[in-house]
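Engineer:
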Amino acid sequence: MTKEITNMEHTQNLFQEFEAVTTEDWLAAIEKFLKGKPVDSLNWEIEDELVISPVHRQATTTTQYLGSADLAINNNWNICEAFLIQTPSDYSTVNQLILDALSKGANALILNFEHFPSLNELSLLLKGVLLDLVHIHFKGAALLSNTKVFLEHLAQITNAQALNGSCDFGNITKEELLLCSDFCATAIPNLKLITIAIPNSSSTSLSQAIDTANQWILFLLDKGMNIEQVTHLLRFEFNIGEHYFVELSSIRAFKRLWLGLLEAYQAPKALFPTLHASTLSDQHENQYWNMITATTQAMASAIAGVNSIYVRPCSGLNQADDFTRRIARNVQHLLQSESYLNRVIDPASGAYYIENLTAALTKKAWQQFCEL
Numbered sequence: 001m002t003k004e005i006t007n008m009e010h011t012q013n014l015f016q017e018f019e020a021v022t023t024e025d026w027l028a029a030i031e032k033f034l035k036g037k038p039v040d041s042l043n044w045e046i047e048d049e050l051v052i053s054p055v056h057r058q059a060t061t062t063t064q065y066l067g068s069a070d071l072a073i074n075n076n077w078n079i080c081e082a083f084l085i086q087t088p089s090d091y092s093t094v095n096q097l098i099l100d101a102l103s104k105g106a107n108a109l110i111l112n113f114e115h116f117p118s119l120n121e122l123s124l125l126l127k128g129v130l131l132d133l134v135h136i137h138f139k140g141a142a143l144l145s146n147t148k149v150f151l152e153h154l155a156q157i158t159n160a161q162a163l164n165g166s167c168d169f170g171n172i173t174k175e176e177l178l179l180c181s182d183f184c185a186t187a188i189p190n191l192k193l194i195t196i197a198i199p200n201s202s203s204t205s206l207s208q209a210i211d212t213a214n215q216w217i218l219f220l221l222d223k224g225m226n227i228e229q230v231t232h233l234l235r236f237e238f239n240i241g242e243h244y245f246v247e248l249s250s251i252r253a254f255k256r257l258w259l260g261l262l263e264a265y266q267a268p269k270a271l272f273p274t275l276h277a278s279t280l281s282d283q284h285e286n287q288y289w290n291m292i293t294a295t296t297q298a299m300a301s302a303i304a305g306v307n308s309i310y311v312r313p314c315s316g317l318n319q320a321d322d323f324t325r326r327i328a329r330n331v332q333h334l335l336q337s338e339s340y341l342n343r344v345i346d347p348a349s350g351a352y353y354i355e356n357l358t359a360a361l362t363k364k365a366w367q368q369f370c371e372l
């Protein structure tokens, strides 16, 4: 025991043997490397009126919100796989693809309907899927004009009451939402009915998402719901692009914006809505480029802390085959089973560059929200 204590003391005093390096020393060394160019020449204008320096230390980090806004007990996320249903003949085929994906480690599904399903077709599509264990997100153009009928079909599926899922019904009207909400309260109580898209990592996208959520909160509180019930209905979907640190910081900034919104409504406790991230890793003609991009985009999402991630196949969803689906799925298996990103909550917390970027996005987005 004495030896262990001695070793700990030596470790704690280790850095006292080295002379401290000041911020000025660092800046001088960087300018020397730049051959006389100012350090400011490395600054990055992320968007209008938002410029970030690559050089940050404790002395340059003044945000009072240093640290994580996360309240989770772990960093687990669901591994999503998406499927497109275009014709009546697709229901049986896609069912086999779904069961194969679930057997290989996916635990969440995105079902995109371009053909409206009858009750029998929906039953065939979900045959063998354990609804109490698999999160399912329903979306697609075919659902937009028949939302209530679709929910009635879904409610008749075996074990539908245990379904933990969500829907994207596009620009659903307030009246339609109330009808759907009343129906789902008993028939499918764990179904989230409002999906709010965050198309990119800009402060404008963040402020507009918070404003949209605020409008729904105002409306539903007026209809007798409480803030916890409204939060239960919400799902936010982030599109993750190629600017690694910005994408990561944008999700972290959103969490702070959400807590600010809850504080404005004097919520009795902090509750987060469902956060989902979809990578944009199918944008390049070179599929190998897309595979690499998928990894960094999924990493940004996982480190920032979301509830589910969908990695697009490198060939795109329409052209996806067994190989590209497996590669996309395995990206997340590697992040969880080998990199252990699911075991650490907000590992970026305290990183000065990310904290400053998170604070800058939060501040600008909140200002924009207040002006909307």
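First residue of the sequence shown? That's 1 in full-length UniProt numbering, and the numbers climb one at a time after it.
The C-beta atom is built at its ideal place from N, Cα and C for all residues, glycine as well.
Computed from a predicted structure; not experimentally measured.
1) Going by C-alpha distance, which of 347, 332 and 283 is nearest residue 104?
2) Whose C-beta lies closer than 6 Å to the C-beta of residue 166 among residues of the same chain, with five residues either side of it excluded?
3) Taking the beta carbon of residue 202 as the centre, do at least 16 other beta carbons fall within 10 Å, making it buried, or is it exposed?
4) Residue 155 to residue 149, Cα distance in whole Å?
5) Alpha carbon to alpha carbon, how far is residue 278 from residue 19?
6) Nearest-angstrom Cα distance between residue 257 and residue 177?
7) How long is the line joining the alpha carbons of residue 79 and residue 237, rounded to whole angstroms?
8) Curious, which full-length beta strand (DSSP E) runs of at least 3 residues does the stretch 79 to 147 contain?
9) Alpha carbon to alpha carbon, how far is residue 260 from residue 87?
10) If we ignore side chains and look at the alpha-carbon of each, how far apart do residue 254 and residue 308 end up?
11) Buried or exposed for residue 310, going by 16 or more other Cβ atoms inside 10 Å?
12) Taking just the CA atoms, how far does residue 242 sit from residue 44?
13) From the DSSP output, in three-state form, read off residue 343 for me.
14) For the alpha helix (DSSP H) that residue 301 lies in, which residues bound it at each end?
15) State whether the stretch 349 to 361 contacts the stretch 85 to 100, with contact taken as three or more CB pairs (one from each stretch) at a distance under 8 Å.
16) Could you have a look at residue 44 and say whether DSSP puts it in helix, strand or coil?
17) Suppose the cutoff is 8 Å on Cβ atoms and the five residues either side in sequence are ignored; what does the same chain contact list for residue 58 look like?
18) From residue 436 to residue 27, what does the alpha carbon distance come to, in whole angstroms?
19) Are residue 142 and residue 114 touching if we call contact CB-CB under 7 Å?
20) If you scan the stretch 207 to 274 from start to end, which runs of the beta strand (DSSP E) of 3 or more residues do you find wholly inside it?
21) For residue 36, write down the residues that DSSP places opposite it in a beta bridge.
22) When the distance is taken between beta carbons, is residue 233 closer than 7 Å to residue 194?
23) Are the Cβ atoms of residue 265 and residue 210 separated by less than 7 Å?
24) Within 10 angstroms of the Cβ of residue 129, are there 16 or more other Cβ atoms? Answer buried if so, exposed if not.
25) Which residues does DSSP list as the beta-bridge partners of residue 278?
26) How long is the line joining the alpha carbons of residue 200 and residue 244, rounded to whole angstroms?
27) How many Å lie between residue 56 and residue 50 at the Cα?
28) Between residue 127 and residue 169, what straight-line distance do the alpha-carbon atoms span, to the nearest angstrom?
29) Using the Cα positions of residue 425 and residue 268, report the straight-line distance between them to the nearest angstrom.
30) Measuring straight from C-alpha to C-alpha, what distance separates residue 21 and residue 246?
31) Taking the beta carbon of residue 118 as the centre, do at least 16 other beta carbons fall within 10 Å, making it buried, or is it exposed?
32) Starting from residue 331 and walking both ways along the alpha helix (DSSP H), at which residues does that stretch end?
Structural biologist: So, to answer that:
1) For this step, residue 104 is matched to residue 104 along the sequence shown. Among 347, 332 and 283, the Cα nearest to that of residue 104 belongs to 332.
2) For this step, residue 166 is matched to residue 166 along the sequence shown. Only 137, 192 and 235 meet the Cβ criterion.
3) For this step, residue 202 is matched to residue 202 along the sequence shown. Burial call: buried.
4) As a working note, residue 155 is residue 155 in the sequence shown. As a working note, residue 149 is residue 149 in the sequence shown. Going from the Cα of residue 155 to the Cα of residue 149 covers about 10 Å.
5) Taking the first residue of the sequence shown as position 1, residue 278 is located at position 278. Taking the first residue of the sequence shown as position 1, residue 19 is located at position 19. About 46 Å.
6) Within the sequence shown, numbered from 1, the residue matching residue 257 stands at position 257. Within the sequence shown, numbered from 1, the residue matching residue 177 stands at position 177. Distance between the alpha carbons of residue 257 and residue 177 is about 25 Å.
7) Residue mapping note: residue 79 aligns to position 79 of the sequence shown, counting from 1. Residue mapping note: residue 237 aligns to position 237 of the sequence shown, counting from 1. About 14 Å.
8) Listed in chain order, the complete beta strand (DSSP E) runs (minimum 3 residues) inside the stretch 79 to 147 are 108 to 113 and 135 to 139.
9) Start at 1 with the first residue of the sequence shown, and residue 260 comes out as number 260. Start at 1 with the first residue of the sequence shown, and residue 87 comes out as number 87. About 45 Å.
10) The residue given as residue 254 occupies position 254 in the sequence shown. The residue given as residue 308 occupies position 308 in the sequence shown. Going from the Cα of residue 254 to the Cα of residue 308 covers about 16 Å.
11) Position 310 of the sequence shown, counted from the first residue, corresponds to residue 310. With 16 or more Cβ atoms within 10 Å of its Cβ, residue 310 is classed as buried.
12) As a position in the sequence shown, residue 44 is number 44, starting the count at 1. As a position in the sequence shown, residue 242 is number 242, starting the count at 1. The straight-line gap separating the alpha-carbon atoms of residue 44 and residue 242 is approximately 15 Å.
13) The residue given as residue 343 occupies position 343 in the sequence shown. Helix.
14) Residue 301 sits at position 301 when you count from the first residue of the sequence shown. For residue 301, the enclosing alpha helix (DSSP H) stretches over residues 287 to 304.
15) With fewer than three CB-CB distances shorter than 8 Å, the stretch 349 to 361 does not count as touching the stretch 85 to 100.
16) In the sequence shown, the residue the question calls residue 44 occupies position 44. Looking at residue 44 - three-state DSSP - the assignment turns out to be strand.
17) In the sequence shown, the residue the question calls residue 58 occupies position 58. Hits under 8 Å: 352.
18) Nothing about residue 436 can be reported from this structure: the residues present for the chain run from 1 to 372 only.
19) To locate residue 142, count along the sequence shown from 1; it is residue 142. To locate residue 114, count along the sequence shown from 1; it is residue 114. Yes.
20) The qualifying runs are 234 to 240.
21) Taking the first residue of the sequence shown as position 1, residue 36 is located at position 36. Bridge partners of residue 36: none, in fact.
22) One-based indexing of the sequence shown puts residue 194 at position 194. One-based indexing of the sequence shown puts residue 233 at position 233. When the beta-carbon positions are compared, residue 194 and residue 233 come within less than 7 Å of each other.
23) For the purposes of this step, residue 265 is taken as residue 265 along the sequence shown, with counting starting at 1. For the purposes of this step, residue 210 is taken as residue 210 along the sequence shown, with counting starting at 1. The answer is no: Cβ separation not under 7 Å.
24) The count along the sequence shown starts at 1 and reaches residue 129 at position 129. So residue 129 counts as buried.
25) Taking the sequence shown and counting its residues from 1, one reaches residue 278 at position 278. In DSSP, residue 278 forms a bridge with 239 and 310.
26) Walking along the sequence shown from the start, residue 200 turns up at place 200. Walking along the sequence shown from the start, residue 244 turns up at place 244. Cα to Cα, the separation comes out at about 12 Å.
27) Start at 1 with the first residue of the sequence shown, and residue 56 comes out as number 56. Start at 1 with the first residue of the sequence shown, and residue 50 comes out as number 50. When rounded, the distance between both Cα atoms is 16 Å.
28) As a position in the sequence shown, residue 127 is number 127, starting the count at 1. As a position in the sequence shown, residue 169 is number 169, starting the count at 1. Cα to Cα, residue 127 sits roughly 23 Å from residue 169.
29) Because the chain spans 1 through 372 in this model, residue 425 falls outside it and cannot be assessed.
30) Locating residue 21 in the sequence shown gives position 21, where the first residue counts as 1. Locating residue 246 in the sequence shown gives position 246, where the first residue counts as 1. Approximately 28 Å between the Cα atoms of the pair.
31) Within the sequence shown, the letter at position 118 stands for residue 118. Of the residues assessed, residue 118 falls on the exposed side of the cut-off, its CB having fewer than 16 other CB atoms within 10 angstroms.
32) Along the sequence shown, one-based indexing puts residue 331 at 331. 322 to 337 is the span of the alpha helix (DSSP H), which, as asked, contains residue 331.
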